[in-house]
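Visitor:
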Amino acid sequence: MFTFLKITVWLCSLVLASAAKINDISFSNLEITPLTANKQPDQGWTASFDFTIADASSIREGDDFTLSMPHVYRIKLSDSSQKTTISLRDGTEAFKCYVSQQAAYLYENTTFTCTAQTDLSSYNTIDGSMTFSLNFSNGNSKYEYELENAKFFKSGPMLVQLGDQMSDVVNFDSAAFTENVLHSGRTTGYGSFESYHLGMRCPNGYFLGGTEKIDYDNSNHNINLDCSSVQVYSSNDFNDWWFPQSYNDTNADITCFGSNLWITLDEKLDDGEMVWVNALQSLPANISTIDHALEFQYTCFDTIANTTYASQFSTTREFIVYQGQNLGTASAKST
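In mature numbering (1 follows the signal peptide of the UniProt record, and there is no 0), the protein residues as written are -19 to -1, 1 to 316.
1) Have a look at A75 and Q98 and give me their C-alpha separation to the nearest angstrom.
2) For the alpha helix (DSSP H) containing L128, name the first residue and the last one.
3) Give the straight-line distance between the Cα atoms of C78 and R167, rounded to the nearest whole angstrom.
4) Report all residues from its chain with a CB closer than 6 Å to the CB of S155; omit the five preceding and five following residues, and keep chain order.
5) Between the Cα of R182 and those of N205, S216, N203 and P51, spot the shortest distance and give me the residue it belongs to.
6) For A28, which of N10, T192, G186 and E42 has the nearest alpha-carbon?
7) Indicate the three-state DSSP secondary structure (helix, strand or coil) for R167 in the structure shown.
8) Quick check on the DSSP output: the beta strand (DSSP E) that includes K194 runs from which residue to which?
9) Please check the pair K132 and Y228, which I expect to be a contact at CB under 8 Å, by giving their CB distance rounded to whole angstroms.
10) Quick one: Cα of Q24 to Cα of L16, how far?
11) Using DSSP with H/G/I as helix, E/B as strand and the rest coil, what is T280?
12) Would you list the one or two residues that DSSP bridges to T159?
13) Among the candidates V151, C208, K64 and V256, whose CA atom is the shortest distance from the CA of F277?
14) Among Q142, G180 and S173, which residue has its Cα nearest to the Cα of F158?
15) When the Cα atoms are used, what is the spatial distance from E63 to T96?
16) Looking at the unbroken beta strand (DSSP E) that takes in H178, where does it start and where does it end?
17) Return no unless some Cβ of chain C is closer than 8 Å to the Cβ of D247.
18) Starting from S209, follow the beta strand (DSSP E) in both directions and report where the run begins and ends.
19) If you draw a straight line from the alpha carbon of R41 to that of L101, how long is it in whole angstroms?
20) Out of curiosity, what's the CA-to-CA distance linking E193 and D234?
21) With H, G and I counted as helix, E and B as strand and the rest as coil, what does DSSP make of D108?
22) If you scan the region 224 to 253 from start to end, which runs of the beta strand (DSSP E) of 3 or more residues do you find wholly inside it?
23) So the candidates are D149, Y88 and T65; which of them puts its Cα closest to the Cα of F113?
24) What are the partner residues of P4, as DSSP defines its beta bridges?
25) Would you call the region 190 to 205 and the region 270 to 288 touching, i.e. three or more CB-CB distances under 8 Å?
26) Assuming V53 is part of the beta strand (DSSP E), what are its boundary residues?
27) What separation, rounded to the nearest whole angstrom, lies between the Cα atoms of K57 and S81?
28) Relative to the alpha-carbon of F134, which residue among G144, Q146, K2 and N121 has its alpha-carbon at the smallest distance?
29) Of the choices E129, S173 and T284, whose alpha-carbon is the least far from that of F219?
30) Whose C-beta lies closer than 8 Å to the C-beta of N185 among residues of the same chain, with five residues either side of it excluded?
31) Are the beta-carbon atoms of T91 and V141 separated by less than 8 Å?
Okay, here's the thing in structure tokens:
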């Protein structure tokens, strides 16, 4: 038994030691384009770029390279397995690529890893291109990295980097807050959906108290709300997409059950201060739309008219889960 254990450990060590990082790789010609007419950072974008491996003679099966991308919320590929293959023109499957880490609300970086599927040492150089869908992390919660990114992104032309070798100028649209409530939502890559609702708005004055009710499954898809994830705070410090750059605690009374969230807040807020809600909910693989129903009833004081008035309204919001895009090609020169 002792001899068997020694051999097993030695073989495992040999396998682990055989895989190496591919460091002799460069990235260039980044182009970031919007997937839809909505050009806000948290919406869908496509990133296309070239890569070059100047010396492929030492690449063995299992070797890999990783592209680490700060400020990217997640990558989304078209395949349900969230994997893609880069093949050479001769048909050789050179690399299998996958999202090794979605930043989402949890991490600082999203990472994309490509692993060699065969021995590539017979090739001198490998040149290729990649395309995939992504969205950026520009805030909407008090999670550490989302809060940092809320201060990083600005509307208008902005130099955006992917990794440490390539960048592109992207012209971001700001968000118009013209309704009674502002909504945002996106899939996390971890089987969940993160949403944000900003409301309790009191133009020309301040909030005195009220209630907000949200049904996170208005279409009855049996999508549960993660009650432990609920964030209810106030702020008057927002970025260009009305996501908080700082926040204040509230003494809200919160009731959460099933897909429902009830919020009661009986306290005065400062001028311009509004209540925002962030929450996670489950997202079954077959769901392409998520419907939220919201009800508000609250009181404001108008400092210009010197009057108190009540606001009461209800609204629904449909979030559409977009499909990812990806493509990977490469050519190689033999030694």
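Glycine included, each C-beta is placed from N, C-alpha and C at the ideal position.
Guide: Let me spell this out:
1) As a position in the sequence shown, residue 75 is number 94, starting the count at 1. As a position in the sequence shown, residue 98 is number 117, starting the count at 1. Approximately 5 Å between the Cα atoms of the pair.
2) For the purposes of this step, residue 128 is identified with residue 147 of the sequence shown, where counting begins at 1. Here the alpha helix (DSSP H) through L128 covers E125 to F133.
3) In the sequence shown, counting from the first residue as 1, residue 78 sits at position 97. In the sequence shown, counting from the first residue as 1, residue 167 sits at position 186. Straight-line Cα distance between these residues: approximately 23 Å.
4) By one-based count along the sequence shown, residue 155 stands at place 174. The answer, listed in chain order, is S136 and D221.
5) By one-based count along the sequence shown, residue 182 stands at place 201. Closest by alpha carbon: S216.
6) Within the sequence shown, the letter at position 47 stands for residue 28. Minimum Cα distance to A28 is reached at N10.
7) Here residue 167 corresponds to residue number 186 of the sequence shown, with the count starting at 1. Of the three classes helix, strand and coil, the one that applies to R167 here is strand, per DSSP.
8) Residue numbering aside, residue 194 sits at position 213 when the sequence shown is read from its first letter. It spans G186 to D196 - the beta strand (DSSP E) in which K194 sits, taken as one unbroken run.
9) Numbered from 1 along the sequence shown, position 151 holds the residue referred to as residue 132. Numbered from 1 along the sequence shown, position 247 holds the residue referred to as residue 228. Contact doesn't hold; Cβ gap of about 12 Å is too wide.
10) Against the sequence shown, residue 24 aligns to sequence position 43. Against the sequence shown, residue 16 aligns to sequence position 35. Approximately 8 Å, taken between the alpha carbons.
11) Here the question's residue 280 lines up with position 299 in the sequence shown. Looking at T280 - three-state DSSP - the assignment turns out to be strand.
12) Taking the sequence shown and counting its residues from 1, one reaches residue 159 at position 178. DSSP, once it has assigned bridges, lists no residue as partnering T159.
13) The residue labelled residue 277 in the question sits at position 296 within the sequence shown. Nearest option by C-alpha distance: V256.
14) Counting from 1 along the sequence shown, the entry for residue 158 is found at position 177. Considering only alpha carbons, the answer is G180.
15) By 1-based counting over the sequence shown, the position of residue 63 is 82. By 1-based counting over the sequence shown, the position of residue 96 is 115. Looking at the sequence shown, residue 63 is not Glu but Gln. Using only the alpha carbons, I get a separation of about 14 Å.
16) In the sequence shown, residue 178 corresponds to position 197, counting from 1. Note, H178: beta strand (DSSP E), S173 to G180.
17) No chain C appears in this structure, which consists of one protein chain only.
18) Position 228 of the sequence shown, counting from 1, holds the residue named residue 209. Run containing S209: L206 to S216, per the beta strand (DSSP E) assignment.
19) On the sequence shown, residue 41 is found 60 positions in, with the first residue counted as 1. On the sequence shown, residue 101 is found 120 positions in, with the first residue counted as 1. Straight-line Cα distance between these residues: approximately 6 Å.
20) Translated into positions along the sequence shown, residue 193 becomes position 212. Translated into positions along the sequence shown, residue 234 becomes position 253. One C-alpha to the other measures close to 11 Å.
21) Working through the sequence shown from its first residue, we reach residue 108 at position 127. D108: strand per DSSP, three-state reduction.
22) 234 to 238 and 241 to 246
23) Translated into the one-based positions of the sequence shown, residue 113 becomes position 132. Checked all of D149, Y88 and T65; the closest Cα to F113 is T65.
24) The sequence position of residue 4 within the sequence shown is 23, counting from 1. Reading the sequence as shown, one finds Asn at residue 4 and not Pro. Answer is none; N4 lacks a bridge partner.
25) yes
26) As a first step, residue 53 must be located in the sequence shown, where it is residue number 72. Here the beta strand (DSSP E) through V53 covers V53 to K57.
27) As a working note, residue 57 is residue 76 in the sequence shown. As a working note, residue 81 is residue 100 in the sequence shown. About 12 Å.
28) Within the sequence shown, the letter at position 153 stands for residue 134. Taking only the C-alpha atoms, the option nearest F134 is N121.
29) Position 238 of the sequence shown, counted from the start, is the residue given in the question as residue 219. Answer by Cα proximity: E129.
30) Residue 185 sits at position 204 when you count from the first residue of the sequence shown. The answer, listed in chain order, is D283, T284, I285 and A286.
31) Counted from its first residue, the sequence shown places residue 91 at position 110. Counted from its first residue, the sequence shown places residue 141 at position 160. For T91 and V141, no; Cβs fall outside 8 Å.
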